[in-house]
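Heads up, the sequence shown is in the working numbering, so the first residue is 10 and it goes up one at a time. Where a beta carbon is used, it is the ideal one built from N, C-alpha and C, also for glycine. In this text, all values refer to a predicted model and were calculated from it rather than measured experimentally. Everything below concerns the one structure shown next.
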Amino acid sequence: MLYRHGDVLIAPVDEIPQTRRKLQHTILAHGEVTGHSHRIEDNKSADLFESPTELFLHVKAKEATVIHEEHAPIVLPQGYYRVWRQREYSPEEIRIIRD
Numbered sequence: 010m011l012y013r014h015g016d017v018l019i020a021p022v023d024e025i026p027q028t029r030r031k032l033q034h035t036i037l038a039h040g041e042v043t044g045h046s047h048r049i050e051d052n053k054s055a056d057l058f059e060s061p062t063e064l065f066l067h068v069k070a071k072e073a074t075v076i077h078e079e080h081a082p083i084v085l086p087q088g089y090y091r092v093w094r095q096r097e098y099s100p101e102e103i104r105i106i107r108d
């Protein structure tokens, strides 16, 4: 199953890379345009990790809720996830979509 929360995509994975760094926050994506961010509502329910090229989320609790001021919340069950920003293609370049 693939979860979509605005311009953020979240997909379950079996494990997260060994080469990673635990982040001190659970912000999945900062909103450059609005200033709002896609984030885990209760940061005790999950850990966010950064690998050299990607973000990974470990939902430690039974579930974790992803929130953003402009989108309905979504609930992720316990497990591991890859997190990335949706991109769009144009003939000039591939761009990350921004809220």
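Is LEU64 buried or exposed, if buried means 16 or more other CB atoms sit within 10 Å of its CB? The residue is buried, with at least 16 neighbouring Cβ atoms inside 10 Å.
By how many angstroms is the C-alpha of GLU24 removed from the C-alpha of GLU50? 23 Å
Below 8 Å on the Cβ atoms is my contact criterion, and I expect PRO26 with SER60 to pass it. Report the Cβ-Cβ distance as a whole number of Å. 5 Å
Bridge partner(s) assigned by DSSP for SER54: Bridge partners of SER54: none, in fact.
When you compare the CB of THR74 with every CB in chain C, is at least one pair closer than 8 Å? In the displayed structure, chain C is absent; only one protein chain is listed.
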